[in-house]
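Numbering (this note's numbering), first residue to last: 33 to 481. Backbone N, C-alpha and C define an ideal beta-carbon position, used for all residues, glycine too. Data block below; observations after.
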Amino acid sequence: MPKPNPSFDVRQHYAEQFSKAGNGSKDPGWLGTLRQAGLDSFAAKGFPTLDDEDWKYTSVAPIAKTPFETGEASKVEGLTVGQLQQLTFGEMECTHLVFVNGHFAPALSRRRPLPDGVRAGGLAEALGEAPGKVLGHLGRHALPQDNPFVALNTAFIHDGAFVHLPRRKVLQEPIHLIFVAIPNGQPMVSHPRNLIVAEEGSQAAVVESYISLHPQAYFTNAVTEVVAGEGTVLDHCKLQRESEPAYHVATLQAHLGRGARFSSHAVSLGAALARNDLNMVLDAEGVECVLNGLYLAHGDQHVDNHTFIDHAKPHCSSRELYKGVLAGRSHGVFNGKIRVREDAQKTDSKQTNKNLLLSEEALVDTKPQLEIYADDVKCTHGATIGQLDEDALFYLRSRGLEEGDARSLLIHAFATDLLERIPVKPVRTGLECLLMTRLPMRAGHKEKP
33 MPKPNPSFDV
43 RQHYAEQFSK
53 AGNGSKDPGW
63 LGTLRQAGLD
73 SFAAKGFPTL
83 DDEDWKYTSV
93 APIAKTPFET
103 GEASKVEGLT
113 VGQLQQLTFG
123 EMECTHLVFV
133 NGHFAPALSR
143 RRPLPDGVRA
153 GGLAEALGEA
163 PGKVLGHLGR
173 HALPQDNPFV
183 ALNTAFIHDG
193 AFVHLPRRKV
203 LQEPIHLIFV
213 AIPNGQPMVS
223 HPRNLIVAEE
233 GSQAAVVESY
243 ISLHPQAYFT
253 NAVTEVVAGE
263 GTVLDHCKLQ
273 RESEPAYHVA
283 TLQAHLGRGA
293 RFSSHAVSLG
303 AALARNDLNM
313 VLDAEGVECV
323 LNGLYLAHGD
333 QHVDNHTFID
343 HAKPHCSSRE
353 LYKGVLAGRS
363 HGVFNGKIRV
373 REDAQKTDSK
383 QTNKNLLLSE
393 EALVDTKPQL
403 EIYADDVKCT
413 HGATIGQLDE
423 DALFYLRSRG
433 LEEGDARSLL
443 IHAFATDLLE
453 RIPVKPVRTG
463 LECLLMTRLP
473 MRAGHKEKP
C-alpha cells in the first residue's frame, strides 16, 4: 500500500495531471468547458474531511495524501478473457464490454448482436462517432459542485461506458460492463465515466463489475449517470470486488421519468475503503424506484453507502433495503435520506437498513433520514444492528448442526435474502456461490488480530 505523504498538495497534483493530459486544450468546446468546470470545482473544495457532514464517518486522507497517477490503457497485454471469466461468473450470455484502467478494451470485449439503434460501447468511441447522443446528457445530472469526487471524475473524463437505448427497444440479454484495474506497482487512479440513456418505453439490464487480478493498492473513482425516460424498465447491478488494498469511490446518479421502473442492486465485497453514493431523482409521476444493497467487510475494511431518494413529483414509490455483515475490525456506514417535496403528494416510501456484527471490534454507523414537506404521504424508515440470534442458533444446534455450520447457515440466510432479488440470473447464481465460500470464514470469528 502506498505511503501517504503529509506535505503532498493534492490540488496542485491534479492540476498538473490535468495539464499533462492536455485537458482543456484539445477538447471540443462543450467538453473542454465541462472538464474545466470539474477541475475548478475540485480546486475550490479539494477532498472532503471529517468536518463535512456527509463524510464524518469516512476519512479519505489515504486518498488525499497519495500522488495517484492516471492509469494507462496499454496494460491490456497479458490479460486474457479466461482470466476475466474467473471473476465475472464465466460465460454469461450477453454483451461484455471490458475497460482496463478506465479505458475501453475492444480486444477483450464481446459484442453480441443488439436491436437496431441500440448502442453499447466506449464513451470515447461515442464522443468521436456520435457526440450528439452524448451531448445532451453527459455531465447534466452528476454535477461537479455537488461532490468533489464527481468533480475530479469530470475533470478527467476520457472514457467509460456508453449505453443508449432508442425508444421502445427491449434488450433480452443484459449488458455487462467489466472494469478491471491493472496497477503497475505505482499509485494509479482511473476515472471511468459511464452514461446510460434509456428512451421512452425501452427495457434493459446493465451490470457493472469492478475487479482486479492483482492484490495491489490503486484508486477507482467512477461515476455513472442514468437517464430513464417515460415508461422505461431498467435494472442496474453493481458488483464491487476490488483488490482489498484498493480504494473505490463511486457515484450513481439517476434521473427517472414518468412511469419509469428503476432498480439498483449493489454488492460491495472488496477494497480497503469503499464509498458508494446513489442519488435518485423521481422527477415525474408514477415512478417506481427500488434500491437494494449488500456489503460484507472483514479485517480493517471500511464500506460507506450513502443513498438519496428525491421524491420531486406525486404518486411515486420507493423501496430500499440495505444489509451489512461485518467482521474483524471492519467499519460499515449507512446514510440514507428520503426527501419528499411539497408537491410530491401520495408518495409511498420505505427504507430499511439491517446490520449483522460478527465480532466485538466490528462497527456500524447508520443514519436513516426522512425530510417530508408534503402532508399526504406514507413513509417509514428504520435501522437495526445486532448479532446472531442465539435462540435460532440454539435451535439449529439442537437439530444436530455444529456451531460453525449453524452460524454459517444463519449468516447465509441473512445475506441471500438480498441476492434473491437480483433479476440477472447468472449474477445472482454466481454471487450465491461466492458467498458460500466467503461467509463461513466469518462465522467462527477466526480472523487474525
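- In the three-state DSSP reduction, ILE454 falls in the coil class, being neither helix nor strand.
- Taking LEU82 as the centre and dropping the five residues before and after it, the same chain places the C-beta of LYS88, SER91 closer than 7 Å to its C-beta, in chain order.
- Taking 8 Å as the cut-off, the beta carbon of PRO80 is found no closer than this to the beta carbon of ALA237.
- Separation of HIS268 and SER349 (C-alpha to C-alpha, rounded to the nearest whole angstrom) is 18 Å.
- The beta carbons of SER300 and THR252 sit no closer together than 8 Å.
- Approximately 11 Å separates the beta-carbon atoms of ALA286 and THR264; this is outside 8 Å, ruling out the contact.
- Here ASP336 is near ARG307, since their CB atoms are less than 8 Å apart.
- The beta-bridge partner set that DSSP reports for PHE340 consists of ASN311, LYS369.
- Take VAL319, set aside five residues on each side of it, and the residues of its chain with a beta-carbon closer than 6 Å to its own are LEU288, ALA292, CYS348, in chain order.
- About 19 Å separates the beta carbon of LEU451 from that of LEU420, a gap too long to meet the 8 Å contact definition.
- THR283 sits buried, since 16 or more C-beta atoms from the chains shown fall within 10 Å of its C-beta.
- In the assembly as shown, GLU276 is a buried residue. Its beta-carbon has 16 or more other beta-carbons within 10 Å.
- The Cβ-Cβ distance between ILE243 and ILE210 falls below 8 Å.
- Across the set GLN333, SER295, VAL259, GLU231, the C-alpha of GLN333 shows the shortest separation from the C-alpha of ALA278.
- For the pair GLU240 and HIS173, the CB atoms are not nearer than the 8 Å cut-off.
- Residue state for ARG151 is assigned as strand, using DSSP reduced to three classes.
- PHE426 sits exposed, since fewer than 16 C-beta atoms from the chains shown fall within 10 Å of its C-beta.
- Relative to LEU467, the option among ILE189, ARG273, ARG142, GLY364 whose CA is nearest is ARG273.
- Within the same chain, and ignoring the five residues on either side of LEU146 in sequence, the residues whose Cβ sits closer than 8 Å to its Cβ are THR127, ALA152, LEU203.
- Counting along the chain, the unbroken beta strand (DSSP E) around HIS208 starts and ends at 207–213.
- A Cβ-Cβ contact shorter than 8 Å links GLY171 with LEU66.
- VAL42 and VAL132 do not touch by the CB rule: their CB atoms are close to 25 Å apart, not below 8 Å.
- ILE443 carries a helical assignment under DSSP once its states are collapsed to helix, strand and coil.
- Going by beta carbons, LEU388 and VAL357 fall inside the 8 Å limit.
- Its chain contains GLU464, LEU467 as the residues whose beta carbon lies nearer than 8 Å to that of THR448, once the 5 sequence neighbours on both sides are disregarded; these appear in chain order.
- DSSP, reduced to helix, strand and coil, places ASP375 outside both helices and strands of the structure shown, so it counts as coil.
- The count of Cβ pairs closer than 8 Å, one atom from the segment 190–206 and one from the segment 175–182, stays below three, leaving the stretches out of contact.
- Residue environment: GLU392 is assigned as exposed (fewer than 16 neighbouring CB atoms within 10 Å of its CB, all protein chains considered).
- Out of LYS386, ALA69, SER51, the CA that lies nearest to the CA of ALA415 is found in LYS386.
- Separation of the CB atoms of LEU71 and ALA96 is rounded to 16 Å, and the pair is thereby denied contact status at 8 Å.
- Distance from SER234 to ARG199 at the Cβ level is roughly 7 Å; contact confirmed, criterion being Cβ atoms closer than 8 Å.
- ALA304 is the residue among ALA304, LYS345, SER73, ASP309 whose C-alpha sits nearest the C-alpha of HIS330.
- Membership of HIS45 in the alpha helix (DSSP H) is indicated by the continuous run 42–52.
- In chain order, ASN324, THR384 place their CB closer than 6 Å to the CB of LEU353, counting only its own chain and leaving out the 5 sequence neighbours on each side.
- A direct Cα-to-Cα measurement between ALA158 and ASP437 gives close to 51 Å.
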